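Engineer: Numbering (this note's numbering), first residue to last: 9 to 339.
Glycine included, C-beta positions come from ideal geometry on N, C-alpha and C.
Nothing here was measured: the structure is a model prediction, and the numbers come from that model.
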């Protein structure tokens with residue numbers, strides 16, 4: 009079980025005890041950390057030498073320098089679990105070229121280090137065998153000048169790997185990605201992909217359609233709207249909005265996909281976590297089952313402020329003053 013799934017299992021355990029606010033407090037701290045990292049003026053270097061998913065992406069992608077290796081695997085697989093990409097993902101996915109972020113966020117596609125470098129999620133690619141030497145050189149630097157780190161050290165170690173043969177970041181695939189994932193709704197995205205599959209059968213299109221059709225319909229629509237709104241928001245605004253959304257998930261009053269009671273395990277879990285992590289049958293019982301049953305009004309509920317009767321408040325981010333725009337937005 010991944011660390012991200014463990015985190016969600018603990019959060020839903022609190023919800024099962026009637027203490028969803030404990031989970032909200034944890035995520036408030038996590039999102040605040042993401043914001044501080046995204047707006048931090050000192051140099052941060054993330055070395056992503058392995059799996060980078062969910063919360064791991066939150067503490068990696070917001071840094072100024074992001075190093076991938078041949079062992080790196082990045083994904084935001086939340087829609088398969090009945091959730092949505094968070095930890096500021098609506099900010100950094102929406103900043104990827106074209107509509108590649110919508111593709112990554114909706115399908116949960118896994119990217120390797122070369123693809124991360126190509127799309128901008130990583131700033132450098134360093135072979136894992138050279139990381140020890142790189143870390144030693146970095147520890148000897150006394151400057152806090154970004155150019156010193158980049159031009160004098162990181163660039164000396166970085167390589168420019170070739171994309172794998174069937175990479176989703178090849179030009180002809182990107183053209184299809186932009187053509188299809190630029191559509192206004194999830195239904196239109198799927199219809200566009202199906203037309204492409206008829207005109208020119210391709211394994212990437214087939215895999216993409218399979219991923220979309222096995223994901224939670226509610227999660228797909230919530231995630232698409234979140235990424236689209238992120239295009240016009242700063243990182244802090246994205247995190248505040250995502251916190252509202254995740255609090256609705258934890259409270260468990262809107263969608264059965266996002267929270268259901270497991271009688272066997274006596275906890276609250278997502279339908280996707282049950283299917284992928286607990287029972288491992290990989291047959292989630294989504295409700296609603298079809299995209300057309302997920303109305304705009306249902307999606308709207310996740311983006312509204314919660315009822316303050318229980319003392320709930322919006323995410324309070326610390327003030328970050330005297331920071332240049334280059335510090336605030338690193339992607």
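Tell me which residue opens and which closes the alpha helix (DSSP H) that residue 1 is part of.
Structural biologist: With the chain running from 9 to 339 in the structure shown, residue 1 is simply not present.
Engineer: Does the count of Cβ pairs from the segment 72-87 and the segment 197-214 closer than 8 Å reach three?
Structural biologist: Too few Cβ pairs lie closer than 8 Å, so no.
Engineer: Short of 7 Å in beta carbon distance, which residues of its chain neighbour residue 145, apart from the five on each side in sequence? Order them along the chain.
Structural biologist: Within the same chain, residue 145 has close Cβ partners 161.
Engineer: Pairs of beta-carbons, one from the segment 232-247 and one from the segment 90-101, closer than 8 Å: are there three or more?
Structural biologist: Enough Cβ pairs lie closer than 8 Å, so yes.
Engineer: Quick one: what does DSSP say residue 315 is sitting in, helix, strand or coil?
Structural biologist: Of the three classes helix, strand and coil, the one that applies to residue 315 here is coil, per DSSP.
Engineer: Between which two residues does the alpha helix (DSSP H) holding residue 236 run?
Structural biologist: Unbroken alpha helix (DSSP H) run through residue 236: 225-238.
Engineer: Classify residue 302 as buried or exposed, calling it buried when 16 or more other Cβ atoms lie within 10 Å of its own Cβ.
Structural biologist: Buried, by the Cβ-count rule.
Engineer: Specify whether the segment 125-141 and the segment 162-170 touch according to this definition: at least 3 beta carbon pairs, one from each stretch, less than 8 Å apart.
Structural biologist: Touching, per the Cβ criterion.
Engineer: Can you check whether the CB of residue 87 is closer than 7 Å to the CB of residue 190?
Structural biologist: For residue 190 and residue 87, no; Cβs fall outside 7 Å.
Engineer: For a test of the three-state rule: what should DSSP assign to residue 153, helix, strand or coil?
Structural biologist: Looking at residue 153 - three-state DSSP - the assignment turns out to be coil, as it is neither helix nor strand.
Engineer: Taking only the alpha-carbon atoms, compute the straight-line gap between residue 304 and residue 163 and give it to the nearest angstrom.
Structural biologist: Their Cα atoms are separated by approximately 47 Å.
Engineer: With distances taken from CA atoms, which of 140, 50, 319 is nearest residue 29?
Structural biologist: When only C-alpha atoms are compared, the closest one is 319.
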